[in-house]
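First comes the structure, then the notes that go with it.
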Amino acid sequence: MAETAQNLWRVYLGLTVLCAISYYLAGMNIFDSVAHSFSTIAIGGFSTHSDSIAFFQNTYIEIICIIFMILSALNFVLHFLSLKTKSLRVYLEDAEIRFYFGIISGSILFLLFYIYFKSSENISIIDLVFQVVSFITTSGFVSTSYGDWPFFIISTLIFLSFIGACAGSTGGGIKVVRILFILKQLKRGLLKIIHPSAEVPIKINSQVVADDVSNNLLLFFIFYLISYIIISLALMLSGLDATSAFSSTAACLNNLGPGAGAVIENYNAIPVVAKYILSFAMLLGRLEIYTLLIIFTPYFWKY
Numbered sequence: 004m005a006e007t008a009q010n011l012w013r014v015y016l017g018l019t020v021l022c023a024i025s026y027y028l029a030g031m032n033i034f035d036s037v038a039h040s041f042s043t044i045a046i047g048g049f050s051t052h053s054d055s056i057a058f059f060q061n062t063y064i065e066i067i068c069i070i071f072m073i074l075s076a077l078n079f080v081l082h083f084l085s086l087k088t089k090s091l092r093v094y095l096e097d098a099e100i101r102f103y104f105g106i107i108s109g110s111i112l113f114l115l116f117y118i119y120f121k122s123s124e125n126i127s128i129i130d131l132v133f134q135v136v137s138f139i140t141t142s143g144f145v146s147t148s149y150g151d152w153p154f155f156i157i158s159t160l161i162f163l164s165f166i167g168a169c170a171g172s173t174g175g176g177i178k179v180v181r182i183l184f185i186l187k188q189l190k191r192g193l194l195k196i197i198h199p200s201a202e203v204p205i206k207i208n209s210q211v212v213a214d215d216v217s218n219n220l221l222l223f224f225i226f227y228l229i230s231y232i233i234i235s236l237a238l239m240l241s242g243l244d245a246t247s248a249f250s251s252t253a254a255c256l257n258n259l260g261p262g263a264g265a266v267i268e269n270y271n272a273i274p275v276v277a278k279y280i281l282s283f284a285m286l287l288g289r290l291e292i293y294t295l296l297i298i299f300t301p302y303f304w305k306y
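My numbering puts the last residue of the sequence shown at 306; the count rises by one with no breaks.
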């Protein structure tokens with residue numbers, strides 16, 4: 004266990020150094036490159052400038068940020084295995100990563116079609132790609148004033164943040180492997196309706212998912228949705244409008260940052276009570292629901 008943690012730490016540190024060097028070569032000064040490399044690899048989204056990545060107005064910096072946001076959203080164990088075997092095959096053979104890149108590319112194409120056929124806004128491809136990657140990895144970096152975009156695009160971006168990053172990464176959200184499992188569970192449910200006596204195991208990476216693991220994953224998903232609804236209603240009770248309440252809950256529960264409505268730029272204008280609620284939401288999302296909720300159960304304190 005200690006050796007595994009040490010290897011993952013080396014991968015994390017190596018990515019951070021490589022990211023800092025890349026930022027510096029692209030035009031950032033030393034302080035900005037180091038600060039943004041830590042924020043990028045940790046998928047924190049914090050910037051040394053209030054305009055975030057948009058401050059630099061540098062396409063090369065945006066491309067570098069996109070690359071390292073994606074790398075940070077992938078399973079760090081696979082990074083280590085790839086370095087150990089000196090092969091990219093471990094990525095290609097992983098079902099979660101294949102599914103993840105399918106979601107990212109599909110989302111970008113879908114929004115490009117929407118912009119072409121439905122929107123009159125002048126949105127550059129690089130800005131769209133950047134924001135899709137930023138939201139789905141829960142990084143939260145901003146390369147442009149996305150608040151001026153059509154609300155449909157903003158809503159889609161916030162929805163993508165629920166998917167989040169891969170398991171074993173530094174990202175937030177529900178996690179890609181859980182979304183993949185839920186889809187497989189739905190498929191099995193439909194097949195069981197057609198063929199009630201059929202045995203349809205759920206497999207991920209050619210391994211059958213045990214029933215107890217399946218139950219835990221379903222419970223996690225249910226708790227996640229219930230938490231989202233309750234926190235959103237509590238925010239509306241504190242005085243926020245529906246758009247601000249639902250988007251800020253998604254942003255904090257998924258550890259994203261940017262939202263919509265009153266929190267499109269920052270959270271300064273919302274009531275103090277709402278800030279306390281969202282602080283709890285951030286802890287709940289970062290600890291992945293179970294850890295924090297168990298503390299509030301009487302069974303935890305009884306034994």
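Ideal Cβ positions, reconstructed from N, Cα and C, are used throughout, including at glycine. Note that this is a predicted model, so its numbers are computed, not measured.
By how many angstroms is the C-alpha of residue j removed from the C-alpha of residue i?
| i | j | result |
| --- | --- | --- |
| residue 218 | residue 129 | 40 Å |
| residue 266 | residue 250 | 8 Å |
| residue 51 | residue 71 | 18 Å |
| residue 278 | residue 257 | 16 Å |
| residue 289 | residue 281 | 12 Å |
| residue 259 | residue 73 | 14 Å |
| residue 201 | residue 209 | 19 Å |
| residue 220 | residue 31 | 42 Å |
| residue 160 | residue 64 | 21 Å |
| residue 26 | residue 172 | 21 Å |
| residue 252 | residue 275 | 15 Å |
| residue 20 | residue 211 | 38 Å |
For residue i, name the three-state secondary structure that DSSP assigns.
| i | result |
| --- | --- |
| residue 206 | strand |
| residue 132 | helix |
| residue 93 | helix |
| residue 179 | helix |
| residue 145 | coil |
| residue 212 | coil |
| residue 278 | helix |
| residue 290 | coil |
| residue 237 | helix |
| residue 299 | coil |
| residue 117 | helix |
Whose C-alpha, out of the options, is nearest the C-alpha of residue i?
| i | options | result |
| --- | --- | --- |
| residue 110 | 78, 147, 166 | 166 |
| residue 206 | 235, 92, 183 | 183 |
| residue 83 | 16, 271, 244, 198 | 16 |
| residue 216 | 46, 174, 181, 38 | 181 |
| residue 8 | 79, 18, 62 | 79 |
| residue 223 | 185, 141, 196, 195 | 185 |
Against chain D, does residue i count as a neighbour if the rule is that its beta carbon must be under 8 Å from one of theirs?
| i | result |
| --- | --- |
| residue 107 | Absent from the structure: chain D. Only one protein chain is present. |
Contiguous alpha helix (DSSP H) assignments of at least 4 residues, all confined to the stretch 13-91: 33-44, 62-76, 79-88
contact_flag[the stretch 78-97, the stretch 112-129] where n(CB pairs < 8 Å) is 3 or more: no
Sufficient close CB pairs (3 or more, under 8 Å) joining the stretch 226-239 to the stretch 138-149: no
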